[in-house]
Amino acid sequence: MELENNEAQSPAVEENAVTAAAKLAAAASAPAPENREVPRWYILHTYSGFEQRVEQTIREMMRNRQENGLIKDVIVPTERVIEPGKNGQKRTTTRKFYPGYIMINMIMTDFSWHMVQSIPKVTGFVGGKNRPAPMGPGEAERILSLMETRQEQPRPKFSFEVGDEVRVEDGPFAGFNGVVEDVNDDKGKIKVLVSIFGRQTPVELSFMQVSKG
Numbered sequence: 669m670e671l672e673n674n675e676a677q678s679p680a681v682e683e684n685a686v687t688a689a690a691k692l693a694a695a696a697s698a699p700a701p702e703n704r705e706v707p708r709w710y711i712l713h714t715y716s717g718f719e720q721r722v723e724q725t726i727r728e729m730m731r732n733r734q735e736n737g738l739i740k741d742v743i744v745p746t747e748r749v750i751e752p753g754k755n756g757q758k759r760t761t762t763r764k765f766y767p768g769y770i771m772i773n774m775i776m777t778d779f780s781w782h783m784v785q786s787i788p789k790v791t792g793f794v795g796g797k798n799r800p801a802p803m804g805p806g807e808a809e810r811i812l813s814l815m816e817t818r819q820e821q822p823r824p825k826f827s828f829e830v831g832d833e834v835r836v837e838d839g840p841f842a843g844f845n846g847v848v849e850d851v852n853d854d855k856g857k858i859k860v861l862v863s864i865f866g867r868q869t870p871v872e873l874s875f876m877q878v879s880k881g
């Protein structure tokens with residue numbers, strides 16, 4: 669009887685072995701789960717004007733290892749721009765790409781999330797309240813590449829072209845609208861056709877005196 673019982677169980681044992689083998693094969697062919705320990709770029713919102721202060725606070729945390737190695741980098745995206753100065757002299761200044769936002773490269777965990785959220789002047793992550801989404805593929809690389817280009821090749825802060833519609837913001841013609849007739853980037857000046865008493869009158873203005881639109 670004992671032998672008969674063993675013979676009766678053998679088909680079930682064989683079936684279980686086949687099922688287990690099939691599961692192992694399926695697991696081996698399935699894609700690997702996402703590695704959540706990979707650092708990603710996220711966008712952090714701050715009070716406008718406090719971007720550098722937040723960046724310094726995070727870098728201090730990194731130096732002291734307060735973040736347990738979960739934060740890899742932090743950047744305030746900026747560019748160098750050329751603007752007209754006094755006596756026609758040009759000067760180069762730094763301008764933020766996105767005032768009120770910084771980029772942070774980190775491994776997102778509950779600990780790192782709470783630590784960053786608690787930094788003074790930080791209002792939160794962009795892309796989700798409790799589990800923010802990282803920046804899209806190539807998005808961070810595009811901004812970093814643009815930063816590098818703009819550091820090496822500063823661009824004019826004010827960019828006007830013939831035909832642009834502008835509004836005079838300063839001087840005796842403040843409040844008038846006009847159309848750009850000529851642009852002098854070297855001197856930081858433009859010639860604008862302003863309608864005065866029904867006549868188109870050319871007026872020379874500095875870049876600082878007008879705004880687009």
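Under the working numbering, the first residue of the sequence shown is numbered 669, with each subsequent residue one higher.
Beta carbons are placed, not taken as given, at the ideal position from N, Cα and C, and that holds for glycine.
Note that the structure is a prediction, hence the values are computed from the model and not measured.
query                                                                                                         : result
Residue burial classification, G717 (beta-carbon count within 10 angstroms, cutoff 16)                        : exposed
Other residues of its chain near E705: CB distance less than 8 Å, five sequence neighbours each side excluded : I775
Cα-Cα separation between A801 and Q821, rounded to whole angstroms                                            : 32 Å
Reduced DSSP secondary structure (H/G/I, E/B, other) of F793                                                  : strand
Through-space distance from I770 to L738, alpha-carbon basis                                                  : 17 Å
Sequence-distant residues of the same chain with beta carbon closer than 7 Å to R721, five excluded per side  : K789
Distance, P707 Cα to M927 Cα                                                                                  : Nothing can be reported for residue 927: it is not among the residues displayed for the chain, which extend from 669 to 881.
F844 beta carbon less than 8 Å from that of R836                                                              : Strictly speaking, residue 836 in this sequence is Val, with Arg absent from that position. Cβ distance < 8 Å, so V836 and F844 count as in contact.
Identity of the residue in F865, G866, Q868, D853 nearest M876 by Cα                                          : D853
For E751, the residue or residues it bridges with in DSSP                                                     : R759
Separation of M783 from I711, as counted between CA atoms                                                     : 15 Å
C-alpha gap between N798 and K880, whole angstroms                                                            : 40 Å
Where G831 falls, given that 16 or more other Cβ within 10 Å makes a residue buried                           : exposed
Of the residues V794, S786, G792, Y766, the one placed nearest L814, counting alpha carbons only              : Y766
Distance CB(G839)-CB(L861) smaller than 8 Å                                                                   : no
E872 burial status per 10 Å Cβ neighbour count (16 or more: buried)                                           : exposed
Own chain partners of K758 with C-beta closer than 8 Å, once the 5 adjacent residues on each side are dropped : I750, E751, P752, G856
Among G795, W709, T714, nearest to D741 - alpha-carbon criterion                                              : W709
Of the residues T761, Q785, R733, I772, the one placed nearest R823, counting alpha carbons only              : T761
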